[in-house]
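Report on one structure; see the data block that follows.
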Amino acid sequence: MKQIVFISGKGGTGKSTLVSSLSILVRDKMLADCDVDAPNLHILLKGKVLTKNNYFGAKEAVIDAAVCVKCGLCREICRFDAVSEKLLIIPVKCEGCGACKLVCPQQAIRLEEVKTGETFVAGTPRGTFSHALLDIGAEGSGKLVTEVRKKLRDYKRKEKWVLIDGSPGIGCAVIASITGADAAVVVCEPTKSGKSDLERVLGVTRHFGIPAFVCINKYDLNPKITLEIEDLCRSKGFPVIGRIPFDPSIIKALQEFKTPVEAGNKAVTCEIEGIWTRLTGEIKKQEVPDR
Ligand code: SF4
Ligand code: SF4
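Just so you know, we're using the working numbering here: the sequence shown kicks off at 94 and counts up by one.
Written out as structure tokens, the structure is:
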């Protein structure tokens, strides 16, 4: 089974549109939405929830009032002003760092896990699908991304592929998205910032030894920068496997919760099919031949 992760330098480059389109075109696969801060694949991949679990992604200090002698050391040490004048923890300010627990002479403080979201595995017509939804105000993390990927393993049958909608950027959630993947597809747009974001993301994939391929979305909106991106990829040894044209009908389709494939956009569908063919061809080239 090969894991392909789709990432980008920032959100909104068309990464999820590409993954959701491939979810229709590619057979024999599982799916994961690891863009945990802005998940949206679950809106398109309607399915039946198979498992749902609470996710505890934070810790919070709790003071045992029966043991506390009101020395105030916890309030002094807390860098987040999370201990009130009355020596009570202010939950919204507590970062769960544990400094107060370390200095408390009475061992009156414990750290409790806090629920920050839920993880789901769903059976959908396009394959088994894992994703997470964060509680309001909660932040995503690499740990949650790892959890989303891990949950799929229990449902693995003989699928050939896992398509992962990864986190954007270059932070720990992205690193958790690409770790152990067989290939990364970096989706970018032809703008100056898009080009520099791409360079940074490609640096991350290279650092972690993940073979990366580039897809330029709306390539025809700025042919000059598209050429610059292609030159950059060539010079750094990253194959450009896709050039998706801009088409206003894609925006209309997405507003109706449809992929370009479902909306019958032939040019875009054809290019996305080409992306998959080129990607699988590149992956095949990297496989060590049987002896
Ligand atoms: S450090 Fe411990 S004993 Fe002192 S005020 Fe805080 S909880 Fe109470
Ligand atoms: S766990 Fe850290 S942030 Fe929370 S109250 Fe203690 S010192 Fe402050």
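Each residue gets a CB set at the ideal place from its N, CA and C atoms; glycine is no exception.
Sequence-distant residues of the same chain with beta carbon closer than 7 Å to residue i, five excluded per side
i: Cys197; result: Leu166, Cys167
i: Ile170; result: Ala192, Cys193, Val196
i: Phe331; result: Leu295, Ala305, Phe306, Val307
i: Ile368; result: Cys308, Ile334, Gly335
Residues near residue i by beta carbon distance below 6 Å, same chain, minus five either side
i: Ile117; result: Val354
i: Thr217; result: Leu138, Gly140
i: Val333; result: Val307, Glu323, Cys326
i: Pro261; result: Ser101, Lys103, Gly104
i: Ala231; result: Thr209, Gly210
i: Ala225; result: Val129, Gly210, Thr212, Leu237, Val241
i: Asp126; result: Pro132, Leu134, His224, Asp258
i: Asn146; result: Thr212
Three-state class that DSSP yields for residue i in the structure shown
i: Thr298; result: helix
i: Asp313; result: helix
i: Lys141; result: strand
i: Ile337; result: strand
i: Ala266; result: helix
i: Arg384; result: Below a pLDDT of 50, predicted positions are generally treated as unreliable, and Arg384, at 49, falls in that range; no measurement from the model is reported.
i: Val160; result: coil
i: Asp247; result: coil
i: Ile257; result: strand
i: Asp130; result: coil
i: Asp324; result: helix
i: Ser234; result: coil
i: Ile303; result: coil
i: Glu240; result: helix
i: Gly165; result: coil
i: Gly287; result: helix
i: Glu252; result: coil
Bridge-paired residues (DSSP) for residue i
i: Gly210; result: Tyr148, Leu227
i: Cys281; result: Ile309
i: Val155; result: Arg203
i: Ala276; result: Ile97
Contact set for residue i: own chain, Cβ-Cβ below 8 Å, skip 5 residues either direction
i: Arg172; result: Cys190, Ala192
i: Asn358; result: Asp340, Ser342, Ile343, Ala346
Hey, which unbroken runs of the alpha helix (DSSP H) at 4 residues or more fall wholly within the segment 168-223?
192-196
Extract the residue ranges of the alpha helix (DSSP H) inside the segment 94-125, only unbroken runs of 4 or more that lie entirely within it.
108-118
Write down every uninterrupted run of the alpha helix (DSSP H) in the segment 343-381 whose length is 4 residues or greater and which is fully enclosed by it, in chain order.
359-379
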